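Taken in order, the sequence shown gives residues 36 to 519; the numbers are from our numbering.
Backbone N, C-alpha and C fix where the C-beta goes; we use that ideal spot for every residue, glycine too.
Just so you know, these numbers come straight off a predicted model, no measurement behind them.
Following: one structure in C-alpha cells, then a few remarks.
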Amino acid sequence: MPLLLHDTFTRQLKEIRPSDERSLRFYCCGPTVYAPAHIGNLRTFVLQDVFRRTVEATGIPVRHVRNLTDVDDKTIRAANEHNLPLEDFTRPWITRFQADCQSLNMLPPSEEPAATAHIPEQIKLIETLLAKGHAYATDDGSVYFKVTSFPTYGKLSRLDERELQSIAPEGPQDADEYEKADRSDFALWKGRKAEDGEVYWNAPWGQGRPGWHLECSAMSMAALGQTLDVHGGGVDLVFPHHENEIAQSEACTGQIFVHHWFHCAHLMVEGEKMSKSLGNMYTLEDLTKDGLSPLVVRFVLLSGHYRQQLNFTFNALHAANEAMRKFSQTLLRILPRAEIDLETFRQWCSTPGDENKLFAESTLLNAWNLLCRDLNTSGAWGQLMKQRGQWEKEKDPKILQRDLRALAHLLYALGLDQLPFTPKKEKTNPEAPAEIRALAEDRWKAKADRDFTTADQLRESLKQKGWLVKDSRDGYTLSPGQKS
Ligand code: AMP
Ligand code: ZN
C-alpha cells in the first residue's frame, strides 16, 4: 500500500517516496526552548512521529531531523529577564522537552541540531546570498533577504498575486514572526542591539545573530543535503517561516528545497485557541500529574485528523483513558487464547514487519489502508475498536495470532506499542468542584484508615451538597445526585 500524504504546496495527496530510493529525508521545525512545550506543540510533534513510524512501517528507513531553536527573539528576551546566559537558560527547557517527547513515546530523531551550534553554516548561507544579489546589509549590521529577487516568493502560502507586484510599504521586517498581510524583506542576520546583551556572534558584516528563518535552512541542509523529501511543522509556520525558508534556500542553491510540505492543524482547548491570556495552555505535566498515563495524552492528540483542528477537552481525555482501558482488557484476554505471551507481543510491536504479508489475510487491512491514506489515525483506531468484539469471540489461536501480528504493526505506527497498559483508576469525577473532590478524598482516606464513622459522615455531607459516592474495589466515582 503506497503511503499518501497531503502536500501543502500542491494541495494534493502525494505518494511518499525517498528521492534517493534509500531513505526518506524528513526535517521538522523543532521547539523554541524558552518555556515548556504545550500540548498543542506536542500534538504536532506526535503527528510527525506517527508519520515517521508509518513510513518505517512501510519498509522505508527515515532520516528524521528536528532542530532546537535555542536563539531567537523569545529565547533572548526570556534569558535576559532571568538574568542568565542564553545557554544556561535554554538547557533545562531542552531537557524538559526531550523528557516530554520520551514520555509520549516518540522515537528520538536521528539528529537534533541546535541553532547556536550551526552559526558558521548560517553565515556561509548569508555570504552566498549576498554574493548572488539576493540579500543586502544595512547600516546597523543587519542583513535582509530581498524578496523581489525571488520571483516565486509566496507560492507555498499562495499570497495574493497582486501583493507580489509591490514591495511592502513598511520596508524591511526584522521580527521573527509577522502577520500574513506583510510581505516584506526579512532579516537573515540581526545586527547586535543593546537588549540582546551578550548574545551575538562575529560575522563579516558585523556582530549580531541569525534570523529564525535562516536557522532552519542551515540546519536542514547541513544534516540532509540541499533537497529534503518532507518538511513538517504546524500550520502557523506556512507563512512566513516556511515561505522564507524556501526563498533563502533555493536562492542560495538553485535546487528545489522541499518535495513535500506536511503541515498539522492546531490544537484548540475547549473550543478556544490556546493562549496564555485565556489561561488554557496545558503542558504534559499538567495533564499527567494526577497519575494519568502520558500514553492517554498521546492517544487524545491522535484522536482527530491531522489536517483538522482538534478540540481538546477533559471529557475527551477521560474518554480516551476509558477506551485504552477497554482495549487493554481485550488484549489481556485474547493473548493467552492466542497462545502468545506479553513479551512476544511487545517485541512484535517494537519492530514493524512486512506489511504485505501481515495484512494479506488480516481483518485489519482496512485500518492499515486508512493510516496509509493521509494518516487517518482516528479512522484506523476506529477499525481496531470495531474488531474487539470479533476477537473476544474467536476461538482459533491461529486466526488470533495472525490478527495480533497485524495489530502490533499498527500499534507500532501509532506509537501505542506499550499496550496493554494499566490506565489511571478514575477516582474523581473531573466535573466535581475542588471542594467536593477534597471531601471525597478525605472520605476515601478515612475509609482506608477504617474510620468508618468519619467516612459515613463525609458521605452524608457530600450527599447534602448534591454528590453521590460510589465505591469500587480500588477507587470510587463521584456523580451528581439530588441535593438532600
Ligand atoms: P514553537 O515552539 O513555538 O516553535 O512551536 C513548535 C511547533 O508547534 C511548531 O511546529 C508550531 O507550528 C507548532 N504549534 C504551535 N501551536 C500549536 C497548536 N496550538 N497546535 C498544534 N501545533 C502547534
Ligand atoms: Zn523551521
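In this structure the segment 86-106 lies against the segment 45-65, because at least three pairs of beta carbons, one per stretch, are closer than 8 angstroms. Between the beta-carbon of ALA300 and that of GLN344 there is about 5 angstroms, and that keeps the pair under the 8 angstroms contact cut. For ARG78, the distance from the CB to the nearest heavy atom of ligand 1 is below 7 angstroms. If the five residues before and after HIS99 are omitted, its C-beta is found closer than 7 angstroms to the C-beta atoms of PHE61, ARG87, PRO144 and SER145, all from its own chain and listed in chain order.
When DSSP assignments are scanned along the segment 271-333, the uninterrupted stretches of alpha helix (DSSP H) that are 4 or more residues long and fall wholly within it turn out to be 278-288 and 319-323. Shown here for TRP403: same chain residues with a beta carbon closer than 6 angstroms to its own, the five before and five after excluded, namely PHE394 in chain order.
In this structure, PRO66 has its beta carbon less than 7 angstroms from a heavy atom of ligand 1. Counting the other CB atoms within 10 Å of its CB gives ASP321 a total below 16, which places it among the exposed residues.
If you ignore the 5 residues before and after TRP128, its C-beta comes within less than 6 angstroms of the C-beta of VAL68, all in its own chain and listed in chain order.
The three-state reading of DSSP puts HIS266 in strand, counting E and B together. With a threshold of 7 angstroms, the Cβ atom of HIS301 does not count as near ligand 2, since no heavy atom of the ligand is closer than that. Within the DSSP bridge table, the entry for THR104 names THR67 as partners. In this structure, the alpha-carbon of PHE221 lies about 26 angstroms from that of GLU147. Set against 7 angstroms, the gap from the CB of HIS99 to the closest heavy atom of ligand 2 is not smaller. In the three-state reduction of the DSSP assignment, THR512 falls in the strand class, which pools E and B. Secondary structure at LEU451: coil, using DSSP grouped into helix, strand and coil. Counting the other CB atoms within 10 Å of its CB gives SER385 a total below 16, which places it among the exposed residues. In the three-state reduction of the DSSP assignment, GLU91 falls in the helix class. In the DSSP annotation of this structure, the continuous segment of the alpha helix (DSSP H) that includes ASP491 starts and ends at 487-499. In the DSSP assignment, LEU366 falls within the alpha helix (DSSP H) that extends over 349-372. As a beta-bridge residue in DSSP terms, ALA222 pairs with TYR179. Per DSSP, the unbroken beta strand (DSSP E) holding HIS41 starts and ends at 39-42. Exclusion of the five residues before and after ASN115 leaves GLY232 as the residues of its chain whose Cβ lies within less than 6 angstroms of its Cβ. The beta carbon of PHE132 sits closer than 6 angstroms to the beta carbons of PRO66 and ALA72 from its chain, once the five residues preceding and following it are set aside; these are given in chain order. With respect to the C-alpha of ASP135, the residue from GLN422, ALA441, LEU319 and SER252 having the closest C-alpha is LEU319. In this structure, ASP409 places its C-beta atom within 8 angstroms of the C-beta atom of LEU39. DSSP places LEU48 inside the beta strand (DSSP E), whose first and last residues are 47-50. DSSP places LEU345 within a strand segment (E or B) once states are collapsed to three. In the three-state reduction of the DSSP assignment, PHE61 falls in the strand class. DSSP places LEU410 outside both helix and strand once states are collapsed to three, so it counts as coil. Within the same chain, and ignoring the five residues on either side of ILE375 in sequence, the residues whose Cβ sits closer than 7 angstroms to its Cβ are GLN436 and LEU439. Ranked by Cα distance from GLU429, the first of THR365, THR348 and GLY450 is THR365. Short note on THR104: C-beta closer than 7 angstroms to some heavy atom of ligand 1.
Ligand 2 has no heavy atom closer than 7 angstroms to the beta-carbon of GLU116. Shown here, ASP231 sits in a helix according to DSSP, grouped into three states. When only Cα atoms are considered, GLY226 and VAL234 end up about 11 angstroms apart.
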